[in-house]
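Peer 1:
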Amino acid sequence: MKQKQKTGKIGRNQLCPCGSNKKYKNCCMRRPGSPPEPIESVYLRKYNIRLKTPDEIAKIRKAGELVMATFREVEALLAPGITTEAVNTLVHEFTLKHRAKPAPLNYRGFPKSVCVSVNEVICHGIPGDRVLVDGDIVNVDITSILDGYYADANQTYYIGTPGPEARKIVEVARNSLKEGLGMVKPGHTVGDIGWAIQTYAESQGCSVVREFVGHGVGLAFHEAPQVPHFGRRHTGTPLVPGMVFTIEPMINLGGHALRILPDKWTAVTADGSLSAQFEQTVLVTEAGYESMTPYNL
Ligand code: MF3
Ligand code: CO
Ligand code: CO
């Protein structure tokens with residue numbers, strides 16, 4: 617007997633090939649004569665990504681301006697002899713004074729208003745009585761909520777005079793963000809960003825942290841998509857105008873493995889090597905991208 621021919625056609629009740637796990641008829645199947653689905657609806661349905669409207673973008677940009685104004689205050693304070701708690705106090709008070717809220721405070725139980733990560737601390741350092749000393753590197757990660765909208769950025773600073781290892785890891789981390797940003801334009805994919813960062817960082821003998829990734833941001837602290845800082849070219853979600861996400865590569869001088877301290881937050885390199893990070897919130901535009909938290913790299 618002749619077997620029923622497999623045609624390339626997808627049955628309406630079969631799983632949708634887009635990977636949504638929904639039936640084709642309830643997902644990507646188009647009915648004859650029906651208008652094309654708007655891109656905002658496609659991205660929400662397929663990827664859970666909320667493309668931002670011009671009004672939302674304007675609000676996120678304002679939140680980003682406040683984040684960058686906060687960095688200028690932090691930069692004036694950072695010096696040998698100050699505590700990480702002093703950075704927290706400044707960020708907390710400056711944010712409230714501008715009628716905004718520090719997103720980290722009480723986020724999933726995080727006890728402070730900013731993450732301050734020194735030397736071998738990769739991220740999520742909790743401010744406290746640690747005193748910054750000459751030669752330290754310190755990452756300050758600021759996320760503000762202004763008028764309900766979020767912007768998220770971080771930078772790593774030298775305290776006093778850096779040694780050769782400090783210089784190396786901070787410059788590789790800085791260039792890693794540059795490499796990632798250089799991939800942001802419509803037609804490229806989320807995977808292209810991670811690929812560019814990993815290729816560069818590993819070419820410098822450094823390693824890329826796997827456990828923490830960039831993320832959609834703007835209407836909430838952490839939205840879809842995830843943006844890994846490693847991966848393969850031409851993979852992952854295609855970038856389209858209106859996407860807003862962070863790129864925030866964490867780069868280690870030694871291996872990529874990490875350990876979480878008993879405080880449940882502080883991530884440190886497993887081998888004790890230095891780690892550095894830079895983060896910006898970016899909007900995908902027709903031409904490429906616009907940073908919502910711009911600073912020179
Ligand atoms: N700002 C971090 C990020 O870039 C997240 C910090 S979560 C906190 O995504 F709870 F530690 F604040
Ligand atoms: Co972030
Ligand atoms: Co951040």
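Start counting at 1 in the sequence shown, then tack on 616, and there's your number in my numbering.
Ideal placement from N, C-alpha and C gives every residue a C-beta, glycine not left out.
Bear in mind the structure is a predicted one, so any value in this text is a computation, not a measurement.
#1: Whole angstroms are fine: how far does the CA of phenylalanine 726 sit from the CA of threonine 909?
#2: At 3 residues or longer, what runs of the beta strand (DSSP E) sit wholly inside the segment 775-841?
#3: Taking only the alpha-carbon atoms, compute the straight-line gap between threonine 700 and asparagine 637 and give it to the nearest angstrom.
#4: If you run the structure through DSSP and keep just helix, strand and coil, what is lysine 620?
#5: Please classify phenylalanine 861: does DSSP put it in a helix, a strand, or coil?
#6: Quick check: does the Cβ of threonine 862 come within less than 7 Å of any heavy atom belonging to ligand 2?
#7: Could you give the distance in angstroms between the alpha-carbon of arginine 688 and the alpha-carbon of valine 843?
#8: Work out the CA separation of glutamine 896 and glycine 870 for me, nearest whole Å.
#9: Around the C-beta of serine 733, are 16 or more other C-beta atoms found within 10 angstroms, so that it is buried, or is it exposed?
#10: CB of cysteine 731 to nearest heavy atom of ligand 1: below 7 Å?
#11: Any heavy atom of ligand 3 closer than 7 Å to the CB of threonine 759?
#12: Consider the C-beta atom of asparagine 770 and the heavy atoms of ligand 3; say whether any pair is separated by less than 7 Å.
#13: Counting Cβ pairs closer than 8 Å, one from the segment 762-779 and one from the segment 672-689, do we hit at least three?
#14: If we count the other Cβ atoms within 10 Å of its Cβ and call it buried at 16 or more, is lysine 592 buried or exposed?
#15: Just to confirm before moving on: does the CB-CB distance between valine 900 and serine 907 stay below 8 Å?
#16: With a threshold of 8 Å, are at least 3 pairs of Cβ atoms found where one atom belongs to the segment 745-754 and the other to the segment 791-799?
#17: Roughly how many whole angstroms lie between the Cα atoms of arginine 646 and glycine 847?
#18: Can you give the Cα-Cα distance for aspartate 879 and asparagine 722, rounded to whole angstroms?
#19: Of all the options Gln820, Ile809, Tyr816, which has the alpha carbon lying nearest to the alpha carbon of histidine 831?
#20: Report the three-state DSSP secondary structure of tyrosine 723 (helix, strand or coil).
#21: Give the straight-line distance between the Cα atoms of lysine 625 and glycine 635, rounded to the nearest whole angstrom.
#22: When we look at the beta-carbon of glutamate 864 and count the other beta-carbons within 10 Å, is it buried (16 or more) or exposed?
Peer 2: This is what the structure gives:
#1: Here residue 909 refers to the residue found at position 293 when the sequence shown is read from its first residue. Here residue 726 refers to the residue found at position 110 when the sequence shown is read from its first residue. The alpha-carbon atoms of threonine 909 and phenylalanine 726 are separated by roughly 23 Å.
#2: 830-832
#3: Locating residue 700 in the sequence shown gives position 84, counting from the first residue. Locating residue 637 in the sequence shown gives position 21, counting from the first residue. Those two C-alpha atoms are separated by around 46 Å.
#4: Within the sequence shown, the letter at position 4 stands for residue 620. Per-residue confidence for lysine 620 stands at a pLDDT of 48, beneath the threshold of 50, marking its modelled position as unreliable; no derived number is given.
#5: Locating residue 861 in the sequence shown gives position 245, where the first residue counts as 1. It is a strand residue.
#6: Position 246 of the sequence shown holds residue 862. It does: the Cβ of threonine 862 is within 7 Å (strictly closer) of some heavy atom of ligand 2.
#7: Along the sequence shown, one-based indexing puts residue 688 at 72. Along the sequence shown, one-based indexing puts residue 843 at 227. Their backbone Cα atoms lie some 27 Å apart in a straight line.
#8: The residue labelled residue 870 in the question sits at position 254 within the sequence shown. The residue labelled residue 896 in the question sits at position 280 within the sequence shown. The alpha-carbon atoms of glycine 870 and glutamine 896 are separated by roughly 24 Å.
#9: Reading the sequence shown from its first residue, position 117 is the one you call residue 733. Burial call: buried.
#10: Counting from 1 along the sequence shown, the entry for residue 731 is found at position 115. Result yes, Cβ under 7 Å from ligand 1.
#11: Looking up residue 759 in the sequence shown gives position 143. Indeed, a heavy atom of ligand 3 lies less than 7 Å from the Cβ.
#12: Working through the sequence shown from its first residue, we reach residue 770 at position 154. Checking the Cβ of asparagine 770 against ligand 3 gives yes.
#13: yes
#14: Any property of residue 592 remains undetermined from this structure, which presents the chain solely from 617 to 913.
#15: Locating residue 900 in the sequence shown gives position 284, where the first residue counts as 1. Locating residue 907 in the sequence shown gives position 291, where the first residue counts as 1. Cβ atoms of valine 900 and serine 907: not closer than 8 Å.
#16: no
#17: Mapped onto the sequence shown, residue 646 falls at position 30. Mapped onto the sequence shown, residue 847 falls at position 231. When rounded, the distance between both Cα atoms is 32 Å.
#18: Along the sequence shown, one-based indexing puts residue 879 at 263. Along the sequence shown, one-based indexing puts residue 722 at 106. Roughly 14 Å between the two C-alpha positions.
#19: On the sequence shown, position 215 is the one that residue 831 refers to. Comparing C-alpha distances from histidine 831 to each of Gln820, Ile809, Tyr816 shows the shortest one belongs to Ile809.
#20: Working through the sequence shown from its first residue, we reach residue 723 at position 107. Tyrosine 723 falls in the helix class under three-state DSSP.
#21: Here residue 625 refers to the residue found at position 9 when the sequence shown is read from its first residue. Here residue 635 refers to the residue found at position 19 when the sequence shown is read from its first residue. In a straight line, the C-alpha of lysine 625 is about 16 Å away from that of glycine 635.
#22: As a working note, residue 864 is residue 248 in the sequence shown. That one is buried.
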